[in-house]
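*Asks:* First the structure, then my questions, so here it is.
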Amino acid sequence: MPVIEYRTALNQALEEEMLRDGKVFIMGEEVAEYNGAYKVTKGLLDKFGPERVKDTPITESGFTGLGVGAAMMGLRPVVEYMSWNFSLVAIDQIISNAAKMYYMTGGQFNVPMVMRGANGAAAQVSSQHSHNLESFYAHIPGLIVMAPATPYDAKGMLKAAIRDNNPVIFLENEFLYGMTGEVPEEEYIIPIGKGDIKREGTDVTLVAHLRQVILAQEAADILAKEGISVEIVDPRTIKPLDIDLIAESVRKTKRLVVTEEGHSFCGFGSEVATQIHDLCFDDLDHPVVRVSQNENPLPYAKNLEAESLPSVEKIVAGVRKVMYRK
Amino acid sequence: MSAIIIQLPSLSPTMEVGTIAEWKVKEGDLIEEGMVIASIATDKSTVDYESLDEGYLRKIVLPEGDEAVVGKVIAVFTEEADEEFEAELDEALAAETAIEEVVEEEDSSEESSAPKAKPAPAAAGPVMASFVPAVDPPKSVAPPIGFVSDKTDVKVSPAAKKLAEKRKINLSAVEPKTTGSRIVMEDIENLPNGYGMNEGQKGSGLVGYVNRAPEPAADVNLSQMRKAITDRMIQASAGVPVFYLTTAVEMDKMLDIRQQLNSMEDTRISINDFIVKAVALSLRQHPEMNAAYQGEYIRQFNDVDISVAVSIPDGLITPIVRSADTKGLAAIGKDVRQLVGKAKSGALSLDEYQGGSFTISNLGMFGAVETFTAILNPPQAAILAVAGTSKQVKLVNGEVKEVSICKLTITCDHRVVDGALAAEFMNTLKNYLETPVKLVL
Amino acid sequence: MKSIGKEEALKMLRQMLVCRRFEEACLKGYQQKHITGFCHTYIGQEAVAVGTLNHLTEEDSFVTSYRCHAQGLVRGMSAREIMAEMYGKVTGCVRGKGGSMHVFSKELNHLGGHGIVGGQIPVGTGAAFAGKYEGKKVVNITYFGDGASAQGTFHESVNLAALWDIPCIYICENNQYGMGTATKRAVANTDIQDQAAGYGIKGYEINGLDAVEVYTKMKDIIAEVRETSRPVIINMVTYRYKGHSVSDAGLYRTKDEVKSFMDQDCINRFSAQMQELGWIDEDAYKALDKEVKAEIKDAVKFAEDSPWPPLDEVATHVLA
Chain A
1 MPVIEYRTAL NQALEEEMLR DGKVFIMGEE VAEYNGAYKV TKGLLDKFGP
51 ERVKDTPITE SGFTGLGVGA AMMGLRPVVE YMSWNFSLVA IDQIISNAAK
101 MYYMTGGQFN VPMVMRGANG AAAQVSSQHS HNLESFYAHI PGLIVMAPAT
151 PYDAKGMLKA AIRDNNPVIF LENEFLYGMT GEVPEEEYII PIGKGDIKRE
201 GTDVTLVAHL RQVILAQEAA DILAKEGISV EIVDPRTIKP LDIDLIAESV
251 RKTKRLVVTE EGHSFCGFGS EVATQIHDLC FDDLDHPVVR VSQNENPLPY
301 AKNLEAESLP SVEKIVAGVR KVMYRK
Chain B
1001 MSAIIIQLPS LSPTMEVGTI AEWKVKEGDL IEEGMVIASI ATDKSTVDYE
1051 SLDEGYLRKI VLPEGDEAVV GKVIAVFTEE ADEEFEAELD EALAAETAIE
1101 EVVEEEDSSE ESSAPKAKPA PAAAGPVMAS FVPAVDPPKS VAPPIGFVSD
1151 KTDVKVSPAA KKLAEKRKIN LSAVEPKTTG SRIVMEDIEN LPNGYGMNEG
1201 QKGSGLVGYV NRAPEPAADV NLSQMRKAIT DRMIQASAGV PVFYLTTAVE
1251 MDKMLDIRQQ LNSMEDTRIS INDFIVKAVA LSLRQHPEMN AAYQGEYIRQ
1301 FNDVDISVAV SIPDGLITPI VRSADTKGLA AIGKDVRQLV GKAKSGALSL
1351 DEYQGGSFTI SNLGMFGAVE TFTAILNPPQ AAILAVAGTS KQVKLVNGEV
1401 KEVSICKLTI TCDHRVVDGA LAAEFMNTLK NYLETPVKLV L
Chain C
2001 MKSIGKEEAL KMLRQMLVCR RFEEACLKGY QQKHITGFCH TYIGQEAVAV
2051 GTLNHLTEED SFVTSYRCHA QGLVRGMSAR EIMAEMYGKV TGCVRGKGGS
2101 MHVFSKELNH LGGHGIVGGQ IPVGTGAAFA GKYEGKKVVN ITYFGDGASA
2151 QGTFHESVNL AALWDIPCIY ICENNQYGMG TATKRAVANT DIQDQAAGYG
2201 IKGYEINGLD AVEVYTKMKD IIAEVRETSR PVIINMVTYR YKGHSVSDAG
2251 LYRTKDEVKS FMDQDCINRF SAQMQELGWI DEDAYKALDK EVKAEIKDAV
2301 KFAEDSPWPP LDEVATHVLA
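Residue numbers (my numbering), protein chains in the order written: chain A, 1 to 326; chain B, 1001 to 1441; chain C, 2001 to 2320.
Structure representation (structure tokens):
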């Protein structure tokens, strides 16, 4: 099986879907002539031309809303945000228009639009360029939120997102673009809302998505040496959440740690913890532990950034805590 | 050609009632759209009301100074100056009255007599669905049951508790070694099944928490007796479906016979002895009442062993009159006296108070008790509460007669006994007690 | 007027009357508490809707703000389905889920009814983009108020449309107040059409109180946009007689000012122009108005008689 980069997997998904459906088009900043800020759209301008791969001005609200209107008329826009931080200037278009359209039109107009880009911290890019927005968008009914961790997931999930009839928030990560992994040549789709066991284990369930899956694997290796067997569950889709898969794992391990790069207050971990308390209260040997970013804006200085973000060490500590280990 | 009914408008988002401060037009005037026809005092201010309709103002229904609720007819227009409008106005007023009546009926159920604004006819929206969490609530959450332990601050993780139940581990015997304060999986995973249980408990269905005691007050030590009573009573009332039947028994004949018997030398028969005997014979006639609930089945007993509740300084105990149906009143009386004596001195042996097929709780000696209900003595299916005997008047053939009445109340476990059966039993019992000669034979 | 033709003029007159009587019925329904929430009426601005929408083809689309009932009616939606929506009934155009601000019709390419000032402007731009993407000669009219012309979305959208040759017609329904704020207190250059120059496109000012002027000028403008695919900005100067919404007491403007505009009423003016040409007389006008009133009355009755949405409707249409 070919081993390719995460960005290439996304690129393949875009190309395949554009070949399959003429209504799919891409727009965003630097997606065409520059070949994408992170090279996800590399070569697509040459293949599909400027009518289907559109460089936009730096005008997120404008081109997001344009995407909504085009989607209402039947097109399938794939909107790239160079980073999800910039989606905040388009948030009215995403929430008031894209998310609410199908409902407030009584089911008349749906918005089949994918919004994708890098989410979360990169390397020392400081407060305004490091937002983790999964909790923001997952809070709003009418949006689907996806967050693939591997090249395999990235390709299969992006194809599912483009074919879905709803607005999809598709979260990637700068560190992941260069990660490699096996991706089959034949076509496959990963259904929305289907999680994945990234590592089997018996003692602790560790829920992780996006880059946290990588950190979780490292933590699990360390813990294995201490005799603690960690099961890593990657929900892949944040909303709708595959809570059944997580619950099934927790019923087996009796312990749950959720790690996320975003902040803890009203965060993704809080949601998982609440749902697991509802479903598996009598199975828990320890309250659910959340590992997350500190409650401060992300600072620039390397040591302060590291202090703020979740890390392998923090995940290991979280797992030890639910195991009642010192 | 039709009349235009003008209703009191809502001129502010919160307006419910309004008063016509002034009519600015008079009957017969031609009203144009946008013309100010009245000033209306609302809850906030007095505002001009611009007509949204056109036509001739034919009749002012709500005079100046009168208050009305929003939606009430205040005037009627017609398109032409001389059109008929009375029928349509009457219809509108009738509809209004009908609505008011309905509203008033609804209002009458409330205590408040203050004048209330009536909702406009269609203002009542659909009932909003309240938010229900998408995930199912936990299927079955066991009631919080504690466990006997000297370490009253020890907690147990839900998973450890669940495992202990499954493997019949007595948590009171487990040390919270891992955390020092909470028993967790690691503390019990490697313990053998049945750890900390005595032999009898291992097989009982009451896993892990056999001795259920109420949370002790900080400085009062519980006697074993009190613990046992607590256990039994809680077991009897928790989740057991019970019902009660009461009957009033005329005791005069029985009191007569008792007096005659007790006038004999060496004979001491109590009212209680009569009741024990009567109950025993009634149970013989209704063996379904002489039974116990055993979880998977109902056990009917051959022997009629009557437990008699005895109050002792420490609490309560129920010594047993064995085979009471085969014994005479004197023998029953002798048994009871012996048992009570032993009970009070703490000398009862186990087999003298464990077992029993039916219980009698007699508070007759406390004359003030007119009637009461007793809590089941599990696993027995029923218990009889005997209250005090009091004098009451009764009409017999037009004559006032004094009678002695004792009220008996039976508490039945509905899983074993149904109402009709209990009623028949009570009938038989009443009959025995009111025909006491049968008890002497 | 003559260029419009008698038949088209009669249709427009009727459409304007439908809009006005409909909005009056809404006010009445609001006063009787059948209609709640927000309710923004179009009374006074009717000439804009009839002078513009009548030039659209079936495939063209349009989008507007929360003042959206009249456009729906002129485009061909029934008074019944919009009134039922006002009443929150399941027979409403969006099944009682939107209310006054969210009139939509997929069948008629009515892209709504939007509640956030300026939020609809990129949406209309996208609809126009979609038509061009698919190689059709279609246009979109994006209506917005003078207040929305100060929003960033307006600039972003016009910039994109000019840059990408998107056939979008940006009509600023300049009713001279953004809620209670006079345009001159909110927009630096109240000649909103002048902004077009900044994007290298054409801008026009049109008297929105004159249905004849709106209709005739828009006919040419829309044809040109359809042909050139170049967007335009129209400053459509008009006036609303009623408050911004029904809870607006209108203390920011004088009664004399309101009256001066009511004296130029678009329906009266249009009717008078038709009468001069002998296309309609007083009796025929009255008969037409009566017919329209009956239609609106029927819509109100339909709305009153319609059922509430069933409770399971609350969870449908969250996701497609």
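Note that the Cβ used here is the ideal one computed from N, Cα and C, for glycine as well.
Am I right that N1427 of chain B and F1358 of chain B are in contact with their C-beta atoms under 8 Å? What's the rounded C-beta distance?
*Replies:* 17 Å between Cβ atoms; not a contact.
*Asks:* Note down, in chain order, each residue of its chain lying with its Cβ closer than 7 Å to the Cβ of G117 of chain A, except the 5 sequence neighbours on either side.
*Replies:* If we look at G117 of chain A and ignore the five residues flanking it on each side, its Cβ neighbours are E80, Y81, M82, S83, W84 and E172.
*Asks:* Would L1052 of chain B count as contacting chain C if we go by Cβ distances under 8 Å?
*Replies:* Yes, L1052 of chain B lies at the interface with chain C (some Cβ there is under 8 Å from its Cβ).
*Asks:* Evaluate the contact criterion for the stretch 2115-2130 of chain C versus the stretch 2051-2071 of chain C: three or more CB pairs, one atom per stretch, below 8 Å.
*Replies:* Touching, yes, given that three or more Cβ pairs across the two stretches are closer than 8 Å.
*Asks:* Please list the residues of the stretch 2293-2306 of chain C that have a C-beta atom closer than 9 Å to any C-beta atom in chain B, keeping them in chain order.
*Replies:* Answer in chain order: E2304.
*Asks:* Spell out whether any CB of chain A is found under 8 Å from the CB atom of I2171 of chain C.
*Replies:* Judged by the 8 Å Cβ criterion, I2171 of chain C is not in contact with chain A.
*Asks:* Anyone know if the C-beta pair for E968 of chain B and I1320 of chain B falls short of 8 Å?
*Replies:* Given a span of 1001 to 1441 for chain B in the structure shown, any question on residue 968 of chain B remains unanswerable.
*Asks:* Check the Cβ of T59 of chain A against every Cβ in chain C and list those closer than 7 Å, keeping chain order.
*Replies:* Those within 7 Å of T59 of chain A in chain C are E2156, N2159 and L2160.
*Asks:* As a quick exercise: from B:P1176, B:L1171 and B:E1096, pick the residue whose alpha carbon is nearest that of M1197 of chain B.
*Replies:* Of the listed residues, the one whose Cα sits closest to M1197 of chain B is B:L1171.
*Asks:* Would you say P2167 of chain C faces chain A, with C-beta separation under 8 Å as the test?
*Replies:* So no, P2167 of chain C is outside the interface.
*Asks:* If we cut at 8 Å on Cβ distances, does F268 of chain A have a partner in chain B?
*Replies:* No, F268 of chain A does not count as interfacial toward chain B.
*Asks:* Residues of the stretch 1059-1090 of chain B with a CB closer than 9 Å to any CB of chain C: list them in chain order, please.
*Replies:* Going along the stretch 1059-1090 of chain B in chain order, one finds V1070, G1071 and E1079 with a Cβ nearer than 9 Å to chain C.
*Asks:* K1407 of chain B bridges to which residues according to DSSP?
*Replies:* BP columns for K1407 of chain B point to B:A1248.
*Asks:* What residue range is occupied by the uninterrupted alpha helix (DSSP H) comprising K1168 of chain B?
*Replies:* Counting along the chain, K1168 of chain B falls outside any alpha helix (DSSP H), and DSSP gives it neither H nor E.
*Asks:* Using alpha carbons as the reference points, say which of B:T1318, B:D1314, B:I1298 and B:R1299 lies closest to I1306 of chain B.
*Replies:* Per the Cα distances, B:T1318.
*Asks:* Name the residue from A:N296, A:I58, A:Y102 and A:E60 whose alpha carbon lies nearest to the alpha carbon of E261 of chain A.
*Replies:* Comparing Cα positions, the closest option is A:N296.
*Asks:* Establish whether the CB of S1039 of chain B and some CB of chain C are separated by less than 8 Å.
*Replies:* Answer no: the Cβ-Cβ gap between S1039 of chain B and chain C never drops below 8 Å.
*Asks:* Identify each residue in the stretch 2117-2128 of chain C for which the Cβ-Cβ distance to at least one residue of chain A is less than 9 Å, and report them in chain order.
*Replies:* Correct list: G2118, G2119, Q2120, I2121, P2122, V2123, G2124, T2125, G2126, A2127 and A2128.
*Asks:* Quick check on L1281 of chain B - is its C-beta less than 8 Å from some C-beta in chain A?
*Replies:* Output row for L1281 of chain B: interface = no.
*Asks:* Please name the residues in the stretch 1155-1185 of chain B whose beta-carbon is closer than 7 Å to at least one beta-carbon of chain A, in chain order.
*Replies:* For the stretch 1155-1185 of chain B, which is checked against every Cβ of chain A, the residues closer than 7 Å are S1157, P1158, A1159, A1160, K1162, T1178, T1179, V1184 and M1185.
*Asks:* Helix, strand or coil for L2111 of chain C per DSSP?
*Replies:* Strand at L2111 of chain C.
*Asks:* Quick one: Cα of P1138 of chain B to Cα of I276 of chain A, how far?
*Replies:* Note that P1138 of chain B scores a pLDDT of 38, beneath 50, so its modelled location is shaky and nothing firm can be said.
*Asks:* For a minimum of 3 consecutive residues, which ranges assigned as the beta strand (DSSP E) are wholly contained in the stretch 1301-1379 of chain B?
*Replies:* Listed in chain order, they are 1306-1308, 1310-1312, 1315-1317 and 1358-1362.
*Asks:* If you reduce the DSSP assignment to three classes, tell me which class G1146 of chain B lands in.
*Replies:* Bear in mind that the predicted position of G1146 of chain B carries a pLDDT of just 35, short of 50, making it too unreliable to give a figure here.
*Asks:* Do you know offhand how far V1017 of chain B's Cα is from A1068 of chain B's?
*Replies:* Looking at the two C-alpha atoms, the distance is approximately 6 Å.
*Asks:* Between which two residues does the alpha helix (DSSP H) containing D234 of chain A stretch?
*Replies:* No alpha helix (DSSP H) contains D234 of chain A, which is instead part of the beta strand (DSSP E) from V230 to D234.
*Asks:* State yes or no: is the beta carbon of Y2133 of chain C nearer than 8 Å to at least one beta carbon in chain A?
*Replies:* Yes, its Cβ sits closer than 8 Å to a Cβ of chain A.
*Asks:* So the beta strand (DSSP E) P77 of chain A belongs to, where does it begin and stop?
*Replies:* Its beta strand (DSSP E) spans residues R76 to S83.
*Asks:* Look at V2018 of chain C and V2292 of chain C and say whether their C-beta atoms are less than 8 Å apart.
*Replies:* Contact flag set, yes.
*Asks:* Give, in chain order, every residue of the stretch 273-295 of chain A whose Cβ lies closer than 7 Å to some Cβ of chain B.
*Replies:* Flagged, chain order: Q275, D278, L279, F281, D282, D283, L284, D285 and H286.
*Asks:* Can you give me the Cβ contacts of R1258 of chain B inside the same chain, cut-off strictly under 6 Å, excluding the 5 residues immediately before and after it?
*Replies:* Only I1269 meet the Cβ criterion.
*Asks:* Can you find at least 3 beta carbon pairs, one from the stretch 1154-1164 of chain B and one from the stretch 1174-1190 of chain B, that sit closer than 8 Å?
*Replies:* They touch, by the three-pair rule.
*Asks:* Determine the direct distance from the alpha carbon of N119 of chain A to that of P240 of chain A, and round the result to whole angstroms.
*Replies:* Their Cα atoms are separated by approximately 19 Å.
*Asks:* For E1370 of chain B, collect the residues of the same chain with a Cβ closer than 8 Å to its Cβ; drop the 5 residues on either side in sequence, then sort them by chain order.
*Replies:* Excluding sequence neighbours, E1370 of chain B sits near A1387, G1388, S1390 and K1407.
*Asks:* When you compare each of C:P2167, C:V2237, C:K2290 and C:G2112 to N2140 of chain C by their alpha carbons, which one comes out closest?
*Replies:* Selected option, being the one with the closest Cα: C:P2167.
*Asks:* Could you tell me whether the stretch 216-233 of chain A touches the stretch 129-147 of chain A, where touching means 3 or more Cβ pairs closer than 8 Å?
*Replies:* The stretch 216-233 of chain A is not in contact with the stretch 129-147 of chain A.
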